[in-house]
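Mapping the sequence shown onto UniProt numbering, position 28 (from 1) lands on 28, and the numbers just tick up by one.
We treat Cβ as the ideally placed atom computed from N, Cα and C, and that holds for glycine.
On a predicted model such as this, the values are computed, not experimentally measured, just so you know.
See structure below.
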Amino acid sequence: MRVVLAEDSVLLREGLVWVLGSAGIEVVAAVSDAEGLLRAVDDQEPDLVVTDVRMPPSHTDEGLRAALLLRHRRPKLPILVLSQYVEERYATRLLSTATTGIGYLLKDRVADVAEFLDSLRRVAAGGTALDPEVVAQLLVRRHSDPLDLLTRREYEVLALIAEGRSNAGIAEALVVSESAVGKHINNIFAKLGLSGAEKDHRRVLAVLRFLKI
């Protein structure tokens with residue numbers, strides 16, 4: 001198994017490299033930030049990504065946002081989030097992108113190395129590994145974010161809008177008709193509460209909602 005590891009704490013990063021190596025798992029890249037994670041995945045084509053949530057420069061949610069982007073680009077890439085925190089907004093989106101090859105564990109609750117390695121291998125094989133505390137926090141989350149109303153396809157369309165794609169470009173990327181794209185975009189506008197009065201500004205406003213600006 002080939003793993004890309006993203007963790008900004010040098011001691012924990014090196015410790016994980018040692019633990020995984022001792023178990024016969026090859027860490028092909030160990031990086032300290034989200035940009036390095038994205039580059040390493042492109043360069044190494046790993047079997048699994050293990051990433052922290054809070055990394056430079058802002059130490060808020062860079063790792064989890066990078067995981068979302070990777071899952072958008074590579075829907076079958078297994079990802080295990082290993083963090084001290086449950087970042088509810090992005091965790092919900094990540095866990096809703098697929099039901100296979102995904103995990104979210106809390107560092108402080110990993111009490112057994114063998115169980116951790118078992119969870120890692122399970123995620124790499126297409127299974128799931130979710131800390132019960134993560135599940136509990138997400139279940140009680142208030143669903144007040146309009147983005148949570150989007151379907152997976154609508155979210156994909158919005159992500160492509162954020163990349164600057166035209167309707168034709170989105171249609172080509174998703175292998176659908178332009179009319180289908182138009183319907184998805186109208187649904188997005190409606191769910192985000194962007195009225196027709198805003199006209200052409202609605203694409204920009206939708207992207208700002210997507211980027212949480």
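Item                                                                                                                                : Value
DSSP beta-bridge partners of TYR104                                                                                                 : VAL81, LEU130
Those residues which DSSP pairs with ALA29 across a bridge                                                                          : VAL4
Backbone CA spacing between GLY24 and PRO146 [nearest angstrom]                                                                     : 44 angstroms
Chain-order list of residues whose beta-carbon lies under 7 angstroms from that of VAL27 (same chain, five-residue window excluded) : VAL3, LEU5, VAL17, LEU20, GLY21
Cβ-based neighbour list, VAL176, same chain, cut-off 6 angstroms, excluding 5 preceding and 5 following                             : none
According to DSSP, residues forming a beta bridge with VAL50                                                                        : LEU5, LEU80
For LEU77 and LEU120, the rounded distance between their alpha carbons                                                              : 13 angstroms
Cβ-Cβ distance between VAL49 and TYR85 below 8 angstroms                                                                            : no
GLU87: first and last residue of the uninterrupted alpha helix (DSSP H) it sits in                                                  : It is not in any alpha helix (DSSP H) - GLU87 carries neither H nor E in the DSSP assignment.
C-alpha distance - LEU105 paired with PRO132, whole-angstrom precision                                                              : 9 angstroms
Residue span of the alpha helix (DSSP H) that contains VAL113, given as start and end                                               : 113–124
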